[in-house]
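Comments concern the structure below.
Number of protein chains: 2
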Amino acid sequence: MTDFSAWIQACQARVESVLAERLPAAQIAPQRLHEAMRYAVLGGGKRVRPLLAFAAGEVTGADPNRVQHAAAAVELIHAYSLVHDDMPAMDDDALRRGKPTVHVEFDEATALLVGDALQSLAFDILASQPLADDAATQLAMVQLLAQAAGSRGMAGGQAIDLASVGKPLDLAELEFMHIHKTGALIRASVLLGAQCGAAADASVAALDRYAKCIGLAFQVVDDVLDAEASTATLGKTAGKDAANNKPTYVSLLGATRARELALELRADAHAALAQLGAPAARLRQLADFVVERTF
Amino acid sequence: MTDFSAWIQACQARVESVLAERLPAAQIAPQRLHEAMRYAVLGGGKRVRPLLAFAAGEVTGADPNRVQHAAAAVELIHAYSLVHDDMPAMDDDALRRGKPTVHVEFDEATALLVGDALQSLAFDILASQPLADDAATQLAMVQLLAQAAGSRGMAGGQAIDLASVGKPLDLAELEFMHIHKTGALIRASVLLGAQCGAAADASVAALDRYAKCIGLAFQVVDDVLDAEASTATLGKTAGKDAANNKPTYVSLLGATRARELALELRADAHAALAQLGAPAARLRQLADFVVERTF
């Protein structure tokens with residue numbers, strides 16, 4: 023195992039442990055809701071957003087014992103969005119992370135409440151213990167996550183996505199959608215990780231540029247994988263975008279140019295990190311990981 | 023107009039103004055989502071939770087310019103819960119505050135995202151400017167609201183409610199459900215309003231007792247009104263509980279005993295306030311208002 027894959031596994035184990043501890047036990051009432059919340063969150067996913075938070079924390083010398091809570095919060099926002107997106111009123115998907123989706127395994131009402139309660143838990147965790155050098159910074163972190171999740175961030179991106187099905191989007195419109203839908207939370211993951219340490223203004227600006235590139239690269243690769251990989255490999259239904267007539271980087275650019283674009287975005291992400299030196303090593307590796315992943 | 027009704031109108035106007043300002047304009051992308059968010063929140067409702075926050079703020083000498091933001095935050099959590107509750111997967115209701123529900127006026131996917139984004143906005147507002155004497159207290163306020171909204175508060179109460187349809191509940195089980203479903207957010211409204219000022223431990227304990235009584239009283243009266251008032255008066259579908267075979271205080275106790283219980287809870291609420299003296303006058307009036315309301 024390389025040093026990088028050991029680091030990934032250690033970060034994943036850390037965030038899994040915080041999530042397992044902070045999600046109420048399935049024995050606590052209301053039991054079915056808590057069981058479904060744990061089903062939705064635990065034991066799956068690449069944990070890309072937590073990994074970004076841990077890696078950004080290394081840039082600012084943040085204590086991983088702080089970062090792990092910010093990482094859990096962003097992962098909970100991500101997990102809630104998947105539960106709601108998979109519901110019949112949205113993407114109507116039956117498979118997620120290799121398992122039946124929450125509304126299939128439980129029921130629609132439970133899936134709705136699971137998403138709602140996971141969002142609340144994210145803010146509970148982000149506010150619940152000292153994660154930054156002062157409480158005012160931590161309040162700003164709560165605000166950052168709330169805006170990244172909200173109507174001008176992730177939820178807004180979902181709305182733009184819904185409105186775009188079957189419509190011809192150009193590249194700028196597609197980018198606008200993804201900057202909201204996935205980019206906002208990826209940016210929040212990077213910045214929240216950094217804010218657990220002593221984030222200087224200059225490094226925040228560099229991290230912001232990095233996050234924008236990596237968020238788009240992530241989506242471009244997602245589109246390529248959706249078009250080319252199998253459902254078994256992805257753990258979610260492959261080929262959904264084409265089946266739903268959704269505009270993607272592949273449908274707009276073709277797979278070859280989309281793969282080139284991902285590599286360009288990786289180069290831009292690396293360039294953004296240049297000034298940050300050695301402490302940004304994990305962020306560089308994660309840029310490679312996001313672009314080279316096959317699942 | 024009495025002094026009390028003038029105070030109510032002033033508080034309602036204040037919170038309406040904060041909500042109108044903080045909800046993104048319907049001209050901002052994604053337009054349809056923002057239009058639906060404003061539709062769900064503005065121009066309706068009694069604003070009971072904001073009123074409780076303002077009244078509790080008077081006990082601790084809180085500046086209403088602070089309290090209005092906490093009031094807006096609790097109202098947004100309440101509004102999001104109504105949007106999701108009305109959806110077909112939950113109560114499947116077509117009428118709310120005298121208007122078509124969000125999923126009827128817009129569509130189900132939009133209703134789902136409206137609720138999600140309103141919850142995020144609540145935390146954004148609660149974290150976004152100084153609302154307490156120090157940032158650590160304000161972080162504790164974020165945590166309080168997150169727990170009140172989450173799986174061991176309001177969302178958990180919804181889950182208990184869903185699980186109870188068609189089942190014989192006893193009075194203790196019914197109370198357990200309501201303490202979560204409506205009580206948690208009412209308690210948060212009172213405590214958040216108080217925490218905008220200088221809340222002493224003794225007054226917090228008294229306010230907590232008051233909030234528990236008033237939360238249950240509110241629900242008992244709701245049940246009586248659902249059984250006895252008309253859809254036109256309520257602005258929402260009347261008689262739903264009986265139609266859905268839901269256990270209520272009226273179905274368990276009969277309407278006469280339920281009305282008596284509401285009066286007893288009001289007396290308990292007044293008793294809890296005894297030590298707080300004159301500054302608790304508005305909370306006393308609100309206890310009367312909640313029990314004597316006809317809509």
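Those protein sequences? They're chains A and B, same order as listed.
Convert by adding 22 to the 1-based position in the first sequence; the result is the number in our numbering.
Convert by adding 22 to the 1-based position in the second sequence; the result is the number in our numbering.
Idealized CB from N, CA, C, for every residue including glycine.
Query: Interface flag, B:Phe128 vs chain A, CB-CB below 8 Å; Result: no
Query: Residues that DSSP places opposite B:Lys121 in a beta bridge; Result: B:Arg118
Query: Closer than 8 Å to chain A by CB, B:Val164; Result: yes
Query: 8 Å contact criterion, which A:Thr316 and A:Ala249 should meet: CB distance rounded; Result: In fact, because the Cβ distance is near 13 Å, the residues do not count as touching under 8 Å.
Query: 6 Å Cβ shell around B:Val242 - same chain, five flanking residues per side excluded; Result: Tyr271, Ala280, Leu283, Ala284
Query: Close Cβ partners of A:Val187 (< 7 Å) along its chain, the five nearest in sequence each way excluded; Result: Asn266, Asn267, Lys268
Query: Span of the alpha helix (DSSP H) around B:Arg36; Result: 25-44
Query: Below-8 Å beta-carbon distance, B:Gln160 vs any chain A residue; Result: yes
Query: Inter-stretch contact at 8 Å, needing at least 3 Cβ pairs: the segment 232-241 of chain B / the segment 162-169 of chain B; Result: no
Query: Own chain residues within Cβ distance below 8 Å of A:Lys262, not counting five before or after; Result: Asp113, Asp115, Asp248, Lys268
Query: Chain E residues whose Cβ lies nearer than 8 Å to that of A:Ser27; Result: The question asks about chain E, but that chain is absent: this structure's protein chains are A and B.
Query: Residue-chain proximity (B:Gln10, chain A), Cβ-Cβ < 8 Å; Result: The requested residue 10 of chain B does not occur in the structure, where chain B is confined to residues 23 to 317.
Query: Alpha-carbon spacing of B:Leu214 relative to B:Val126, whole angstroms; Result: 33 Å
Query: 8 Å Cβ cutoff met for B:Pro52 and A:Ala181; Result: yes
Query: Closer than 8 Å to chain B by CB, A:Leu13; Result: In the structure as shown, chain A starts at 23 and stops at 317, and residue 13 of chain A therefore has no counterpart that could be examined.
Query: From B:Leu45, B:Leu41, B:Glu80, B:Ala58, residue whose alpha carbon lies closest to that of B:Leu308; Result: B:Glu80
Query: Close Cβ partners of A:Val40 (< 7 Å) along its chain, the five nearest in sequence each way excluded; Result: Gln90, His91, Ala94
Query: Proximity winner among B:Ala239, B:Ile201, B:Ala154, B:Gly299, relative to B:Pro86 (alpha-carbon distances); Result: B:Ala154
Query: Secondary structure of A:Met112, DSSP reduced to three states; Result: coil
Query: Classification of B:Thr14 by the beta-carbon crowding that lies within 10 angstroms, buried from 16 upward; Result: Since the displayed chain B opens at 23 and closes at 317, residue 14 of chain B lies outside it and no answer follows.
Query: Best match in B:Thr204, B:Thr278, B:Thr259, B:Ala294 for proximity to B:Val96 [C-alpha to C-alpha]; Result: B:Thr204
Query: Contact check, A:Gly137 vs A:His106, beta carbons under 8 Å; Result: yes
Query: Minimum Cβ-Cβ distance from A:Gly178 to chain B less than 8 Å; Result: yes
Query: Identity of the residue in B:Gly65, B:Pro46, B:Val37 nearest B:Leu74 by Cα; Result: B:Val37
Query: Beta-carbon gap between B:Phe145 and B:Ala58 smaller than 8 Å; Result: no
Query: Start-to-end residues for the alpha helix (DSSP H) that takes in B:Lys234; Result: 223-250
Query: Closer than 8 Å to chain B by CB, A:Gln169; Result: yes
Query: Neighbour-count burial assignment, B:Lys258, 16 or more Cβ in a 10 Å radius; Result: buried
Query: Cβ-based contacts, 8 Å cut-off: residues of the segment 50-72 of chain A near chain B; Result: Ile50, Ala51, Pro52, Arg54, Leu55, His56, Met59
Query: Proximal residues to B:Gly83 (C-beta, below 7 Å), its chain only, five neighbours per side dropped; Result: Gly219, Ala220
Query: When B:Glu286, B:Gly178, B:Arg304, B:Asp245 are compared against A:His56, the one with the closest alpha-carbon; Result: B:Gly178
Query: Contacts of A:Phe240 in chain B (Cβ-Cβ under 8 Å); Result: Result: empty, since nearest Cβ-Cβ is about 21 Å, beyond 8 Å.
Query: Three-state secondary structure (DSSP) of B:Lys262; Result: helix
Query: Candidates A:Ala289, A:Val164, A:Met199, A:Ala296, of which the one nearest B:Gln141 by Cα; Result: A:Val164
Query: Chain A contact for B:His106 (CB, 8 Å cutoff); Result: yes
Query: Cβ-based burial, B:Ser225 [other Cβ within 10 Å; buried from 16]; Result: buried
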